[in-house]
Amino acid sequence: MAMKLRTMGRHIKEAFKSLVRNGWMSLAAVSAVAVTLLLVGSFIALLMNVNKLASDVENDVSVRVYIDLAATEEQQTQLGEELETLPEVETVVYSSREDELQQVVGTYGTEFDLFEGDDNPLHDVYIVNTNSPEQTSVVAEKAEDLEFVSQANYGGAEADKLFKTMESVRNVGGVVIIALLLTAVFLISNTIRITIFTRRTEIEIMKLVGATNWFIRWPFVIEGALIGLVGAIIPTAIISAVYVYGYDMISTYFVGTYFSLLPVNPFLYQLGAVLLAVGVVIGSIGSLLSIRKFLRV
Amino acid sequence: MIEMLNVSKKYPNGITAVNDLSIRIEQGEFVYVVGPSGAGKSTFIKMIYREELPTKGTIKVGDFDLAKMKNKQVPFLRRHVGVVFQDFKLLPRLTVYENIAYAMEVVEKNPKAIKKRVLEVLDLVKLKHKVKMFPNELSGGEQQRIAIARAIANMPRVLICDEPTGNLDPETSWEIMRILEEIANSGTTIIMATHNSQIVNEVRHRVLAIENGRIVRDQQEGDYGYEA
Ligand SMILES: Nc1ncnc2c1ncn2[C@@H]1O[C@H](COP(=O)(O)OP(=O)(O)OP(=O)(O)O)[C@@H](O)[C@H]1O
Ligand SMILES: [Mg+2]
């Protein structure tokens, strides 16, 4: 489609003229797109973060192998080596009972200080990470059969449930987003249909004097794209503001854990780009849909 | 050159508006199409600029084969065939100048050529002095002259007029007719469907009389032939 620059200029001008001329209707379409994309954007932000948290949990899934209190240092080392030879095991990290106590104190407070030294009731621990999260239960079982192991725990059951929930949230979310987008396409195509209708004499004349179909289409496509674009800017701004604020607030709860939200940069830029692109695309599709029937020869 | 061979048009509702019609019109001819209401004149005319497709037969307009050509090609046929209607079809929000320029802009002519040509056709229809007015500030005859100016702006080889004087009083009809004559004299083929017996009888040209979708008379310098 080699198009003259002058022609493109004319199309853009026509699109703006039409937007302004149908001011109230354009505003209604923009609002409809804004509301839709606000929902879509919030949903995406929520979903991506839940996803992120789930993978944080996933990465955090490990087996805690409690070492028998009677084990000597050599026996402990030997156990560590045995754990490392298990095929499902990725890493083995030693955490002494003192380290463990420090963590408890860190989490629950200084009242636990009094257990320091020989009064420490905790075990030395091997923290075993597996190659994949599903293997934690197998590794825990195998570890329990080894010598000098008093107990092996894993957070598997909880994690399994979380993964299942995540999956259905993702699926439902996908369906909801698609439904919302279709609604937006419908609203835009309705708006463009009305602007086309008010200009049907013009279209008729354009066709009579030999304008090509694309020449007739372009201004409407641009108009739809503009509606989509403006409609996307508003929710992008709102979501960005809320996210920045919410990020700071929620992050304070996650201090000292493995969990974190997606950082503002680059997440918000990506989300913004997606929303703007989606706005332009649904705007264009919407107007292409409504102009189709007016162009039949 | 326009050529129809065994052309029939049956509308989806079952009405056969044109029935096995064959005709040849040479470049530069002036042809009246007459006949009673509902005879198929407009249908015949619409098939020439491919507003309607024939259900049978072949139509050739210049180098275009209308039944075979792709929809994408239709715009280029339309630049070859100008059309004028009974109801003018001017854009009310555009001035006289803009209405004519519009037809050239949408086929992407350059601004200089547009300006030159618009003034040229306005001169031809003698309305140069009303170039800045809007259609609703003009009389019916003047509006039709603008519509004609627009139809020939892109220099079509064929000009089709479906009852161009249908809404006009006799005096104004004659003005329109004089302009069409002038256009015909420059070598443009003119095909004009009309119920105006006075014009047909006084300015003699080839007459096609259509009844029930068939040509019942094809006469050089013919008369109108029906009671007025
Ligand atoms: N779009 C259409 N769909 C169905 N039938 C049509 C259509 N257009 C015309 N007809 C029918 O075809 C026949 C011929 O119509 P057409 O308009 O060609 O007549 P006409 O000779 O131009 O009449 P008039 O002098 O009144 O303008 C009529 O019976 C009409 O009802
Ligand atoms: Mg008719």
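These protein sequence lines are chains S and X, in that order. Each residue of the first sequence is one higher than the one before, starting from -18 at the first, in the numbering used here. Each residue of the second sequence is one higher than the one before, starting from 41 at the first, in the numbering used here. Glycine is no exception: its CB is placed at the ideal position from the N, C-alpha and C atoms.
**Item:** Other residues of its chain near X/Lys172: CB distance less than 6 Å, five sequence neighbours each side excluded
**Value:** Exclusion of the five residues before and after X/Lys172 leaves Thr135 as the residues of its chain whose Cβ lies within less than 6 Å of its Cβ.
**Asked** What residues from chain S crowd round X/Val146, counting only those whose CB sits closer than 7 Å?
**Response** Result: Met187, Val190, Ala192, Phe196.
**Spatial neighbours of S/Gln132 in its chain, beta-carbon cut-off 6 Å, leaving aside the 5 residues before and after** = Excluding residues within five positions, the ones whose Cβ falls inside 6 Å are Tyr47.
**S/Met187, enclosing beta strand (DSSP E) - first and last residue** = Annotation for S/Met187: no beta strand (DSSP E) segment contains it, though the alpha helix (DSSP H) segment containing it runs 181 to 189.
**Message:** Less than 8 Å between the beta carbons of S/Ser268 and S/Gly205, yes or no?
**Reply:** For S/Ser268 and S/Gly205, yes; Cβs fall inside 8 Å.
**Message:** Measuring only from the beta carbon, is X/Leu82 closer than 7 Å to any heavy atom that is part of ligand 1?
**Reply:** Inspection of the sequence shows that residue 82 of chain X is occupied by Ser rather than by Leu. For ligand 1, at least one heavy atom lies less than 7 Å from the Cβ of X/Ser82.
**Prompt:** At a CB-CB cut-off below 8 Å, which residues of chain S make contact with X/Ala143?
**Reply:** Near X/Ala143 (Cβ distances below 8 Å), the residues of chain S are Ile186, Val190.
**Asked** Can at least three beta-carbon pairs, one atom from the region 63 to 81 of chain X and one from the region 240 to 253 of chain X, be found at a separation below 8 Å?
**Response** Yes, since at least three Cβ pairs between the region 63 to 81 of chain X and the region 240 to 253 of chain X fall closer than 8 Å, the two stretches touch.
**Prompt:** Is X/Asp263 near ligand 2, with its Cβ less than 7 Å from a heavy atom?
**Reply:** No, since every heavy atom of ligand 2 falls outside the 7 Å radius drawn around the Cβ of X/Asp263.
**Item:** Proximal residues of chain X, C-beta to C-beta of S/Thr(-12) below 8 Å
**Value:** Listed along the chain, the chain X residues whose CB falls inside 8 Å of the CB of S/Thr(-12) are Glu148.
**Asked** Any heavy atom of ligand 1 closer than 7 Å to the Cβ of S/Ile186?
**Response** Short note on S/Ile186: C-beta not closer than 7 Å to any heavy atom of ligand 1.
**Request:** Would you kindly report the start and end of the unbroken beta strand (DSSP E) that includes X/Gln259?
**Result:** 254 to 259 is the span of the beta strand (DSSP E), which, as asked, contains X/Gln259.
**Prompt:** Between X/Asp202 and ligand 2, is the CB less than 7 Å from at least one heavy atom?
**Reply:** X/Asp202: yes, Cβ under 7 Å from ligand 2.
**Prompt:** For the candidate residues S/Phe24, S/Tyr107, S/Val119, whose alpha-carbon lies nearest to that of S/Glu69?
**Reply:** Proximity to S/Glu69 across S/Phe24, S/Tyr107, S/Val119 peaks at S/Val119, based on C-alpha coordinates.
**Message:** Is S/Lys282 close to chain X? Criterion is C-beta to C-beta, closer than 8 Å.
**Reply:** Outside the displayed range of chain S (-18 to 278) lies residue 282 of chain S, so it cannot be described from this structure.
**Message:** I need the straight-line Cα distance from X/Arg133 to X/Val123, nearest angstrom please.
**Reply:** In a straight line, the C-alpha of X/Arg133 is about 21 Å away from that of X/Val123.
**Message:** Taking CB distances under 8 Å as the criterion, tell me whether S/Lys(-15) reaches chain X.
**Reply:** The C-beta of S/Lys(-15) comes closer than 8 Å to at least one C-beta of chain X.
**Prompt:** What are the start and end residues of each continuous alpha helix (DSSP H) run of 4 or more residues lying completely inside the region 26 to 70 of chain S, in chain order?
**Reply:** Whole alpha helix (DSSP H) segments, 4+ residues: 54 to 66.
**Request:** Take S/Ser(-1) and list the residues in its own chain whose beta-carbon comes closer than 6 Å to its own, dropping the five residues that flank it on each side.
**Result:** Excluding residues within five positions, the ones whose Cβ falls inside 6 Å are Thr176, Glu204.
**Asked** For ligand 1, is there a heavy atom less than 7 Å away from the beta-carbon of S/Ser12?
**Response** Look at S/Ser12: its beta carbon is at least 7 Å from all of the heavy atoms in ligand 1.
**Request:** Go to X/Glu199, then tell me how far its beta strand (DSSP E) extends in each direction, as first and last residue.
**Result:** The question names Glu, but residue 199 of chain X is Leu in the sequence shown. Here the beta strand (DSSP E) through X/Leu199 covers 198 to 202.
**Message:** Can you tell me whether S/Val278 is helix, strand or coil according to DSSP?
**Reply:** Caution applies to S/Val278, whose pLDDT of 48 falls short of 50 and renders its modelled position unreliable; the value that the coordinates give is listed next. The answer is coil: DSSP assigns S/Val278 none of H, G, I, E or B.
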